[in-house]
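For the sequence shown, the numbering used here gives the first residue as 29, with consecutive numbering after it.
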Amino acid sequence: MVVEVFAGLPAVLQALLGTLFTWGMTAAGAALVFLTKKVPRRLLDSMLGFAAGVMIAASFWSLLAPAIELSARGPLPEWLPPLLGFLAGGAFLRLVDRLLPHLHPGLPMSDAEGIETSWRRSVLLILAITLHNIPEGLAIGVAFGAVAAGIPAASLGAAVALAIGIGLQNFPEGTAVSMPLRREGLSRSRSFFWGQLSAVVEPAAAVVGAAAVTLVQPLLPYALAFAAGAMIFVVAEELIPEAKRGSPDIAAVALMVGFAVMMTLDVALG
């Protein structure tokens with residue numbers, strides 16, 4: 029009954045509900061700050077590795093593969109729209125990465141990226157994770173929009189699997205924000221508040237993505253590949269380097285597990 033009701037909802041509302049789930053998973057990860065002040069480094073590395081594996085698998089099965097299949101029906105070579113969209117997604121994240129002031133967890137203030145600013149360290153930590161949540165929300169919105177557009181390569185199950193997978197990898201991201209803030213001296217409640225707030229951009233990005241591809245269907249293969257490129261940039265630029273800084277072997281095994289979990293979800297539900 030619940031599945032039938034969800035399937036009958038507009039794509040924008042489906043995307044919104046899907047990202048409310050991923051936002052909730054971020055909040056659950058941030059809530060660990062109420063239980064402890066510090067997560068063991070090996071556990072954090074495994075969580076980040078798992079998140080990287082989920083995002084890599086989701087980028088192909090849920091985004092690039094449908095984009096390639098959809099492009100085969102168009103007038104251009106089937107590899108061209110996915111290629112352009114993929115590179116554009118990475119270039120967009122790189123541009124934002126260079127402009128938006130932010131600081132990755134575990135690094136000194138001297139390693140802050142983006143335009144030079146006097147903002148506090150806690151604000152820069154929050155912005156780092158917020159930046160990475162934009163492509164995740166966009167990916168979910170585009171996936172649900174593709175289903176509404178009636179694209180044979182897209183399915184509701186695959187879109188739901190993508191939301192579940194991103195939700196799973198959002199858990200460590202919430203932890204990665206709230207724990208450093210707690211160590212910076214913020215109270216548990218404030219650390220939790222800012223940790224969960226880092227994912228507030230996901231519902232907004234999802235609504236924009238779903239609405240865009242529903243209204244302008246020719247954009248779909250580009251949008252799917254764009255979201256994939258943006259997510260791969262996040263994995264390569266942040267998740268894998270951060271995980272390997274502590275326990276590279278544990279991170280590698282966790283990445284394999286995350287990839288396998290997301291692949292299974294997508295194939296089983298899609």
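Glycine included, each C-beta is placed from N, C-alpha and C at the ideal position.
Around the beta carbon of Pro68, fewer than 16 other beta carbons sit within 10 angstroms, so the residue counts as exposed. Counting C-beta pairs closer than 8 Å gives fewer than three between the stretch 236 to 256 and the stretch 183 to 197, which falls short of the contact rule. DSSP places Asp139 outside any alpha helix (DSSP H), giving it a letter other than H or E. Residue pairing by DSSP places His160 opposite no residue, since no beta bridge is assigned to it. The count of Cβ pairs closer than 8 Å, one atom from the stretch 222 to 242 and one from the stretch 74 to 84, stays below three, leaving the stretches out of contact. Counting C-beta pairs closer than 8 Å gives fewer than three between the stretch 118 to 129 and the stretch 275 to 285, which falls short of the contact rule. Approximately 22 Å separates the beta-carbon atoms of Ala227 and Val241; this is outside 8 Å, ruling out the contact. For the pair of segments examined, the stretch 34 to 43 was found not to touch the stretch 201 to 215: the number of CB pairs separated by less than 8 Å stays below three. Counting other Cβ atoms within 10 Å of its Cβ, Asp294 reaches 16 or more and is therefore classed as buried. Comparing C-alpha distances from Thr158 to each of Val61, Phe114 and Trp51 shows the shortest one belongs to Trp51. Between Val262 and Pro163, the gap from beta carbon to beta carbon is short of 8 Å.
Put simply, the stretch 166 to 174 touches the stretch 79 to 92. At least three CB pairs are less than 8 Å apart. Just measuring C-alpha positions, the residue of Ala177, Lys65, Ile143 and Pro200 sitting nearest Thr54 is Pro200. If you compare the alpha carbons of Thr203, Asn198 and Ser206 with that of Leu48, the shortest gap goes to Asn198.
Membership of Ser217 in the alpha helix (DSSP H) is indicated by the continuous run Arg216 to Leu225.
Taking 8 Å as the upper bound for CB-CB distance, Leu60 and Ser150 are not in contact here, some 17 Å apart. Scanning the stretch 38 to 62 from its first residue to its last, the whole alpha helix (DSSP H) runs of 4-plus residues come out as 39 to 58. If you draw a straight line from the Cα of Gln245 to the Cα of Ala239, it is about 10 Å long. Here Leu128 really is in contact with Gly142; their C-beta atoms are around 5 Å apart, less than 8 Å. Put simply, of Pro94, Pro38, Leu297 and Leu283 the residue whose alpha carbon is nearest the alpha carbon of Ala176 is Pro38. Close CB contacts of Pro109 within its chain, under the 6 Å cut and outside five residues either way in sequence, are with Ser99, Pro249 and Tyr250 (chain order).
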